[in-house]
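**Student:**
2 protein chains.
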Amino acid sequence: MELSKQPAETLQRSISLLGGGGPAELAIRQAAWVARCVGHGDAAPFTPDDLSALAASLRTTTFERGSVVFRAGDEADGVWIVRSGRLELSVGAGSKRAVVHVIGPGAVDGDIQYLLGMPLPYTAHALADTTVLFLDGESFEGLLGNRLAIARRWLTSVAMRLAESQERIIGMLGRSLTEQIARILLEEAVDGAVPLPQRTLAAMLGVQRPSLNKTLKEFERNGLIKVRYGAIDLLDVDRLTEMSG
Amino acid sequence: MELSKQPAETLQRSISLLGGGGPAELAIRQAAWVARCVGHGDAAPFTPDDLSALAASLRTTTFERGSVVFRAGDEADGVWIVRSGRLELSVGAGSKRAVVHVIGPGAVDGDIQYLLGMPLPYTAHALADTTVLFLDGESFEGLLGNRLAIARRWLTSVAMRLAESQERIIGMLGRSLTEQIARILLEEAVDGAVPLPQRTLAAMLGVQRPSLNKTLKEFERNGLIKVRYGAIDLLDVDRLTEMSG
DNA sequence: GGGATCGTGTCAGTTCGCTGGCACGGCGGC
DNA sequence: GCCGCCGTGCCAGCGAACTGACACGATCCC
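Top line first, the protein sequences correspond to chains F and Z. 1 is the number of the first residue of the first sequence in UniProt numbering; add one for each residue after it. 1 is the number of the first residue of the second sequence in UniProt numbering; add one for each residue after it.
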């Protein structure tokens, strides 16, 4: 299902149709985009030199909707950065399937497992046609080991993910299903709508779909949301926030 | 309840009763201990220079059992490292209390919130008399910004915590209470026993104590564990592992 | 336009955990 | 040695979520 795996130059050529500028400039633009995604720059701004080192190592890959980017148990051999589209990170299958996370543009993954030398704990499915930047392990290690700004910023990036993960644990412990559902709707909303089927939402909370559906219909009766095919519109964010505890 | 907050030299003097060697050497020994706790050294060994920079900034504080190290909502003004004892990180109170984590010697906390400039999301209670090393924010920032090895190792440390946190989420989603209990007993065991009251264990899983107690007694009837006052002995680790899914 | 696929809506029976309350027994302080 | 505190053990009634199944509607591919 993998459509292409090629040097960044190829992508840059296709981007150049939109943006203008030469390939080299566009490689830098790509790297600058990644730089904006990794941490924030208050503490450690990237130098142009950092950026070109990063640009030289990024490779672009495209995945069709439904295809697998990596599988649970695979060795992590580098870092993935979602450029466009969405990936579902999940464990198990059938009624035991649990969705750990749904990540979109700007999200970074695989670095943790690479750094720790552990296999990937979940499988990544593309929920839509998705473009992914890949930074191979050796280059990653080289950037971290030689460039302080990059190591410093990457630390912030991982810290943000840890804070988010802890917040999710706090949000799950001892909460009623209703509270958890209100919370996840707010978290997963993009432009006022949650573009996920109920089955996926249920798997993110570790509950069965009928339980989720029951609460969603109740929310809908109260005018909080509108349930559509494969998506949910949020109509009253304030009251949802209030309900999420 | 805070008993003392003083330069590291004071602690070193008390350590010297046990270990021998001058104060300066002992400050280094303290820092070396921290270095072993933060990440592991495969990728970035600490230089003696790194160690003395770290040693110069560590301050020792002691907390009595039951006292509060920091409260939810406090600004994180540095990094805590548990030297001995145990801290319970929890949110809420009464029947809504949720225990996010119980941390022991070698654990690092507060750095995430410091780096991200966010308030601490949980309160830390000392479960036993506890000694904590404190690294103030400015020194921490200075170490990260100037010393690549420290930034690199700290990245590994945070990565380990993120991997652990994700594993916990995976272990909670869609698992039966029995599986979750088997899992948490294995995770929290120290020397074949879990030194926590059932109330705390229940708060770590976000369930009520009677629900936990029922399953524990069932485990005990099957010879998996022995329930004691304020602690649980693990008798059959293999079968518990099997039950944890 | 027709069929396959996927997602939603719903149900009845069952299991499971919660509520809150009380009795008992270690453990520590006085 | 006594008392108070804290932790454990347990129960009955209730409510909530699970199981697994089925009907229907939307969407997509041919």
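Even for Gly, the Cβ is constructed at its ideal location relative to N, Cα and C.
Expressed to the nearest angstrom, what Euclidean distance is found between the alpha-carbon atoms of A233 (chain F) and G192 (chain F)?
**Tutor:** The sequence as given places Asp at residue 233 (chain F); Ala does not occur at that position. Cα to Cα, D233 (chain F) sits roughly 6 Å from G192 (chain F).
**Student:** Look at the alpha carbon of A202 (chain Z) and the alpha carbon of G73 (chain Z), and state the distance between them as a whole number of angstroms.
**Tutor:** Going by the C-alpha atoms only, they are around 24 Å apart.
**Student:** Step through the CB atoms of chain Z and report whether any lies within less than 8 Å of the CB of Q166 (chain F).
**Tutor:** At least one chain Z Cβ lies under 8 Å of Q166 (chain F).
**Student:** Roughly how far, in whole angstroms, is the beta-carbon of R65 (chain Z) from the beta-carbon of L127 (chain Z), given that I think they are within contact range, below 8 Å?
**Tutor:** Rounded, the Cβ-Cβ distance is 7 Å, consistent with contact.
**Student:** Any idea which residues DSSP pairs S84 (chain Z) with across the strands?
**Tutor:** In DSSP, S84 (chain Z) forms a bridge with Z:T131.
**Student:** Tell me whether T241 (chain Z) is buried or exposed, calling it buried when 16 or more other Cβ atoms sit within 10 Å of its Cβ.
**Tutor:** Per the 10 Å Cβ criterion, exposed.
**Student:** Short of 9 Å Cβ to Cβ, which residues in the stretch 135–154 of chain F face chain Z?
**Tutor:** Residues E141, L144, G145, N146, R147, L148, A151, R152 and W154.
**Student:** So, helix, strand or coil for R209 (chain F), using DSSP?
**Tutor:** Here R209 (chain F) sits in helix by DSSP.
**Student:** From Z:I81, Z:I181, Z:G78 and Z:I169, pick the residue whose C-alpha is nearest to that of V91 (chain F); which is it?
**Tutor:** When only C-alpha atoms are compared, the closest one is Z:I169.
**Student:** Within 8 Å of any Cβ in chain Z, is that where the Cβ of T156 (chain F) sits?
**Tutor:** It does: the Cβ of T156 (chain F) has a partner Cβ on chain Z nearer than 8 Å.
**Student:** Does the CB of R161 (chain F) have a neighbour CB from chain Z at under 8 Å?
**Tutor:** By this cut-off, R161 (chain F) is an interface position.
**Student:** Label Y229 (chain F) either buried or exposed according to how many other C-beta atoms from any shown protein chain fall within 10 Å of its C-beta, with 16 as the threshold for buried.
**Tutor:** It counts as exposed.
**Student:** Give every residue of the same chain whose Cβ lies closer than 6 Å to the Cβ of R199 (chain F), excluding the five residues on either side of it in the sequence, and list them in chain order.
**Tutor:** Closer than 6 Å at the Cβ level, and outside the excluded window around R199 (chain F), lie R209.
**Student:** Using a Cβ-Cβ cut-off of less than 8 Å, list which residues of the stretch 104–116 of chain Z approach chain F; keep chain order.
**Tutor:** Those residues of the stretch 104–116 of chain Z that come within reach of chain F (Cβ to Cβ, closer than 8 Å) are D111, I112, Q113, L115 and L116.
**Student:** Assign residue 255 (chain Z) to buried or exposed, taking buried as 16 or more other Cβ atoms, counted over all protein chains shown, within 10 Å of its Cβ.
**Tutor:** Absent from the model: residue 255 (chain Z). The displayed extent of chain Z is 1 to 245, so no value can be given.
**Student:** Return the residue from the list Z:A107, Z:R59, Z:I184 and Z:V207 that minimises the CA-CA distance to M160 (chain Z).
**Tutor:** The shortest Cα separation from M160 (chain Z) among Z:A107, Z:R59, Z:I184 and Z:V207 belongs to Z:A107.
**Student:** Within the chosen definition, does the stretch 52–71 of chain Z reach the stretch 133–142 of chain Z through at least 3 CB pairs nearer than 8 Å?
**Tutor:** The answer is yes - the stretch 133–142 of chain Z touches the stretch 52–71 of chain Z, with three or more Cβ pairs under 8 Å.
**Student:** Would you call the CB atoms of T130 (chain F) and F63 (chain F) closer than 8 Å?
**Tutor:** Cβ distance < 8 Å, so T130 (chain F) and F63 (chain F) count as in contact.
**Student:** Count the other CB atoms within 10 Å of the CB of L177 (chain Z); is the residue buried (16 or more) or exposed (fewer)?
**Tutor:** So L177 (chain Z) ends up on the exposed side.
**Student:** Is the stretch 149–159 of chain Z touching the stretch 32–50 of chain Z, taking contact as three or more C-beta pairs under 8 Å?
**Tutor:** These segments touch.
**Student:** Check the Cβ of L174 (chain Z) against every Cβ in chain F and list those closer than 7 Å, keeping chain order.
**Tutor:** Checking the displayed sequence, the identity of residue 174 (chain Z) turns out to be Gly instead of Leu. Result: K96, A98 and G206.
**Student:** Can you list the residues of chain F that V91 (chain Z) reaches, using a CB-CB cut of under 7 Å?
**Tutor:** I170, listed in chain order.
**Student:** Would DSSP call M1 (chain Z) helix, strand or coil?
**Tutor:** At M1 (chain Z), the pLDDT of 44 sits below 50, so the modelled position is not reliable and the matter cannot be decided from this model.
**Student:** Any C-beta of chain F sitting closer than 8 Å to the C-beta of V227 (chain Z)?
**Tutor:** Output row for V227 (chain Z): interface = no.
**Student:** Mapping the DSSP letters down to three states, classify M160 (chain Z) as helix, strand or coil.
**Tutor:** Looking at M160 (chain Z) - three-state DSSP - the assignment turns out to be helix.
**Student:** Helix, strand or coil for G94 (chain F)? Go by DSSP, reduced to three states.
**Tutor:** Helix.
**Student:** Just reading off the beta strand (DSSP E) that T60 (chain Z) is part of, what are its end residues?
**Tutor:** From DSSP, the beta strand (DSSP E) with T60 (chain Z) extends over L58 to F63.
**Student:** Cβ closer than 9 Å: which chain Z residues qualify as neighbours of residue 249 (chain F)?
**Tutor:** With chain F covering only 1 through 245, there is no way to say anything about residue 249 (chain F).
**Student:** Could you give the distance in angstroms between the alpha-carbon of K217 (chain F) and the alpha-carbon of F140 (chain Z)?
**Tutor:** Straight-line Cα distance between these residues: approximately 50 Å.
**Student:** Name the chain Z residues whose beta carbon is nearer than 8 Å to that of P45 (chain F)?
**Tutor:** Going along chain Z, no residue has its Cβ under 8 Å from P45 (chain F), so there is no contact; the nearest lies around 12 Å.
**Student:** Can a CB atom of chain F be found closer than 8 Å to the CB of R239 (chain Z)?
**Tutor:** Output row for R239 (chain Z): interface = no.
**Student:** V34 (chain F) lies in the alpha helix (DSSP H); which residues open and close that run?
**Tutor:** Unbroken alpha helix (DSSP H) run through V34 (chain F): P23 to C37.
**Student:** Distance cutoff 8 Å, beta carbons only. Does P121 (chain Z) sit that close to anything in chain F?
**Tutor:** Chain F, which has a Cβ nearer than 8 Å to the Cβ of P121 (chain Z), makes this yes.
**Student:** Report yes if the C-beta distance between V68 (chain F) and H125 (chain F) is below 8 Å; otherwise report no.
**Tutor:** Yes, the pair counts as a contact, with Cβ atoms nearer than the cut-off.
**Student:** For a test of the three-state rule: what should DSSP assign to A76 (chain F), helix, strand or coil?
**Tutor:** Note: A76 (chain F) maps to coil in three-state DSSP.
**Student:** Specify, as a first and last residue, the run of the alpha helix (DSSP H) that V237 (chain F) falls within.
**Tutor:** That run of the alpha helix (DSSP H) goes V237 to M243.
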